[in-house]
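In what follows, a structure is listed as structure tokens, so that the remarks can point back to it.
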Amino acid sequence: MKEIRIAASEVSNITSLEWLETNGLGGWAMSTISGLNTRMYHGLLVAATRVPVERHVMVSHLDETIESDDQCYELFSHGFQEGFGKCHLVSFEKGLFPTFIYSPKEGIKLEKTVVAINGENTTLVRYRLLDGSFPITLKLRPLIAARYYHDYGTSLEGFAEECHYEGETLSLKPKQELPTIYISVPSSSFEEDIQWLGNFSYAVEKYRGIEGEEKLFQPGILTLTLRPEDSITVVLSLTRQSSKGADELLKMETKRREKLLELAEPKSDDEAKLLLAADQFIVQRQADKRTIIAGYPWFTDWGRDTMISLEGLCLVTRRYSEARLILQTFVDSLSQGMLPNRFPDQGEEPEYNTVDGTLWFFVAAQKYYEYTNDCEFVKETIYPAFCEIIEWHERGTRYSIKEDCDGLISAGSPTDQLTWMDAKVDDWVVTPRHGKAVEISALWYNALLITAGLAKQFGDEERAVSLEQKAAQTKESFQSLFWNEELGCCFDVITEGERDCQIRPNQLLALSLPFPLLDEVKAKSLLQCVEELLVTPRGLRSLSPEEADYQAIYGGDRVTRDGAYHQGTVWSWLFGPYYFAVQKFGDRTSKEEANSMLEKFLNHLNESGVGSVSEIFDGQEPFFSRGCPAQAWGVAELLRCLRAANKQSH
Numbered sequence: 010m011k012e013i014r015i016a017a018s019e020v021s022n023i024t025s026l027e028w029l030e031t032n033g034l035g036g037w038a039m040s041t042i043s044g045l046n047t048r049m050y051h052g053l054l055v056a057a058t059r060v061p062v063e064r065h066v067m068v069s070h071l072d073e074t075i076e077s078d079d080q081c082y083e084l085f086s087h088g089f090q091e092g093f094g095k096c097h098l099v100s101f102e103k104g105l106f107p108t109f110i111y112s113p114k115e116g117i118k119l120e121k122t123v124v125a126i127n128g129e130n131t132t133l134v135r136y137r138l139l140d141g142s143f144p145i146t147l148k149l150r151p152l153i154a155a156r157y158y159h160d161y162g163t164s165l166e167g168f169a170e171e172c173h174y175e176g177e178t179l180s181l182k183p184k185q186e187l188p189t190i191y192i193s194v195p196s197s198s199f200e201e202d203i204q205w206l207g208n209f210s211y212a213v214e215k216y217r218g219i220e221g222e223e224k225l226f227q228p229g230i231l232t233l234t235l236r237p238e239d240s241i242t243v244v245l246s247l248t249r250q251s252s253k254g255a256d257e258l259l260k261m262e263t264k265r266r267e268k269l270l271e272l273a274e275p276k277s278d279d280e281a282k283l284l285l286a287a288d289q290f291i292v293q294r295q296a297d298k299r300t301i302i303a304g305y306p307w308f309t310d311w312g313r314d315t316m317i318s319l320e321g322l323c324l325v326t327r328r329y330s331e332a333r334l335i336l337q338t339f340v341d342s343l344s345q346g347m348l349p350n351r352f353p354d355q356g357e358e359p360e361y362n363t364v365d366g367t368l369w370f371f372v373a374a375q376k377y378y379e380y381t382n383d384c385e386f387v388k389e390t391i392y393p394a395f396c397e398i399i400e401w402h403e404r405g406t407r408y409s410i411k412e413d414c415d416g417l418i419s420a421g422s423p424t425d426q427l428t429w430m431d432a433k434v435d436d437w438v439v440t441p442r443h444g445k446a447v448e449i450s451a452l453w454y455n456a457l458l459i460t461a462g463l464a465k466q467f468g469d470e471e472r473a474v475s476l477e478q479k480a481a482q483t484k485e486s487f488q489s490l491f492w493n494e495e496l497g498c499c500f501d502v503i504t505e506g507e508r509d510c511q512i513r514p515n516q517l518l519a520l521s522l523p524f525p526l527l528d529e530v531k532a533k534s535l536l537q538c539v540e541e542l543l544v545t546p547r548g549l550r551s552l553s554p555e556e557a558d559y560q561a562i563y564g565g566d567r568v569t570r571d572g573a574y575h576q577g578t579v580w581s582w583l584f585g586p587y588y589f590a591v592q593k594f595g596d597r598t599s600k601e602e603a604n605s606m607l608e609k610f611l612n613h614l615n616e617s618g619v620g621s622v623s624e625i626f627d628g629q630e631p632f633f634s635r636g637c638p639a640q641a642w643g644v645a646e647l648l649r650c651l652r653a654a655n656k657q658s659h
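Just remember that the working numbering sits 9 ahead of the position in the sequence shown, which is counted from 1.
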């Protein structure tokens, strides 16, 4: 695999590029390549204290200073300084791990590698003096936040300033309700220097309308000597002593990631990068369960995102056992024919306010069956869940979700946000789509036919016939009600007989899912409409620029941001439905154009969250990335498209 290599001199603003390491428990290490934390979510040790939720920023920084020939060179920078300081970074690489090269003067070149250990709240920071003819002194100053990751500026509250240094390990328990932090530095000495530093401010949070500053706790200074070709590994952990030493942990994590690539057999460097990105979202939910984190650094696990992402993250990558555990996790939470929309961040009961998340489950599980042929699991676990869901939708479940007499699903009220376009500010539903939404009808139709196919296979003939008849009615109603002859595409929502003719990307699911709802003529017309108004180099707009409600820029405070979230903002995951709709219904030229778009989209792996895919982008040029810099369904859909394209080329 060829690493992503970025020379600091070639980047106009090295504070705009972010790196991410995750630990499979919901925690991470994350910052910009400059070392300047621009988000309140950045930190070297961010731990999920109730896996995979209740995240806390434990260690914010590990400030490094090189001393040589009576000169001091700071390799760090902070938001309260003028500019961002001179961090002396000369290059950054993202291969298996993020690696930084610093050269504060001729004759000194220091390499730093950051590694999050899978299955542990542990981050390794490895330093290696690459060249030079003389030793250097490296001083490390840990800066502790010890706060809930959403609670900006609360570090001082209830903070205990005690620390202990013994056996080359610094330990401190900053708050009673939080675990002890252990910082182990081989061959080090420690000088206690307790002070609060700040005020730290975070530029991205300011852009998001979140003002404020915080102070961080410095317990003291850890000092060590590095000689040419020497390396040492610092361990930041919530575990007193790992059963493995730092070097062995690094070897194990290296081998684990190499095995992921070996298992999936990537056909290109870009595919390898996406395979490593995919790994970051698959996490534990309790010891025997798995789930998918929707995005870093602030989302938890959402049912909708999980089901959309399952094929790209787990099946394309051949991680079938984890796919099965994820499906089992959500089946275990099935309630009144609904899968959870999300598991809340602080461990409350799951929320079930979704109409599409449950229906995406049919597509995800069917894909699992196609990849694995796991008949026993599908027959014993998945098929009964399918039948239960359909029965609940026939008679009605939460939020007025119910099959209407025309065979289409109706859901919600003016105060509900049940589809993926779910932004809501207090009582304001930004994108009201209650009633019969176009993609819900497509998902319902597919759910019926997928279940009918299993019913036939498992000898449930009566149910199979009934479901096929129901699907035929759904298709007939869809074609008569949703087709907008004037615009040559589908209406977005039908509410109490009123048809919403705003042009949105949701209609693509009537083409891209396993069982399309439109004929070839209408499909080509729909695709032409989408290509003219919604397709961008970074995904699809959520609303046509020709609509009065269109918002081109995503930013500002919560009200402004949520007001634009699904009103023109570009979404990376929507490239998947578009790409596969083109593969089904496009001509040779349009397929070539879609593959060219995919190739250009892959340039984004060198932008924003390096090696990953951003959640959203502005709706107009230059299509700045916004939202989460690492989003599960963006990675999953790009990986799914790339695997399909690579198959075509081979």
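Cβ coordinates follow ideal geometry from the N, Cα and C atoms, glycine included. Given the structure is predicted, the values throughout are model-derived calculations rather than measurements.
How should residue i be labelled, buried or exposed, when 16 other C-beta atoms within 10 angstroms of its C-beta is the threshold for buried?
i: Ile203; result: exposed
i: Pro638; result: buried
i: Arg266; result: buried
i: Gly92; result: Bear in mind that a pLDDT of 38 at Gly92, under 50, signals an unreliable position, so the model cannot answer this.
i: Leu284; result: buried
i: Glu257; result: exposed
i: Thr47; result: buried
i: Thr122; result: buried
i: Gln90; result: Here Gln90 scores only 44 on pLDDT, less than 50, and its place in the model should not be relied on; the value that follows carries that caveat. Exposed, by the Cβ-count rule.
i: Lys484; result: buried
i: Leu476; result: buried
i: Arg597; result: exposed
i: Asn382; result: exposed
i: Gly468; result: exposed
i: Thr146; result: exposed
i: Lys264; result: exposed
i: Ser605; result: exposed
i: Phe143; result: exposed
i: Thr437; result: The sequence as given places Trp at residue 437; Thr does not occur at that position. Answer is exposed; the Cβ neighbour count stays below 16.
In the DSSP assignment, what are the bridge partners of residue i?
i: Leu53; result: Paired residues: none, contrary to the question.
i: Val434; result: Trp437
i: Gly548; result: Thr545
i: Ser634; result: Phe626
i: Ser246; result: Thr131 and Tyr191
i: Ser197; result: Beta-bridge pairing links Ser197 to no other residue.
i: Asn493; result: Cys498
i: Gly618; result: Glu27
i: Gln293; result: Arg299
i: Met347; result: Ser344
i: Arg333; result: Partner(s): none; Arg333 has no beta bridge.
i: Pro151; result: Leu71
i: Glu507; result: Thr504
i: Pro107; result: Lys103
i: Trp580; result: Leu549 and Ile625
i: Phe487; result: DSSP lists no partner for Phe487.
I'd like to know whether the C-beta atoms of residue i and residue j end up nearer to each other than 8 Å.
i: Lys445; j: Ile398; result: no
i: Ala339; j: Phe371; result: The amino acid occupying residue 339 in the given sequence is Phe; Ala does not appear at that position. Contact flag unset, no.
i: Gly36; j: Asp566; result: no
i: Leu245; j: Val134; result: yes
i: Arg150; j: Gln227; result: yes
i: Phe610; j: Phe584; result: yes
i: Thr248; j: Tyr191; result: yes
i: Gly321; j: Leu29; result: no
i: Leu452; j: Ile391; result: no
i: Lys148; j: Thr232; result: yes
i: Ile15; j: Val68; result: no
i: Val644; j: Val622; result: yes
i: Gln482; j: Gly416; result: yes
Looking at the C-beta of residue i, does it have a partner C-beta in chain B at a distance below 8 Å?
i: Glu360; result: The structure shown has no chain B; it contains just one protein chain.
Between the stretch 327–339 and the stretch 645–656, do at least 3 Cβ pairs fall closer than 8 Å?
-> no
Is it a yes or a no for the stretch 424–432 touching the stretch 554–562, going by three-plus beta-carbon pairs under 8 Å?
-> no
With contact counted as at least three CB pairs below 8 Å, one residue from each stretch, are the stretch 538–555 and the stretch 510–517 in contact?
-> yes
Per the contact definition of three or more C-beta pairs closer than 8 Å, is the stretch 158–168 in contact with the stretch 47–58?
-> yes
Is the stretch 109–118 touching the stretch 208–223 in the sense that three or more CB pairs, one from each, lie closer than 8 Å?
-> A contact is defined here as three or more CB-CB pairs under 8 Å, and the stretch 208–223 fails this definition with respect to the stretch 109–118.
The stretch 526–538 in contact with the stretch 458–468 per 3-pair CB rule at 8 Å = no
What runs of the alpha helix (DSSP H), each 4 residues or longer, lie entirely inside the stretch 593–618?
-> 597–610
Would the stretch 69–81 and the stretch 309–323 be scored as touching if the rule is three or more Cβ pairs under 8 Å?
-> no
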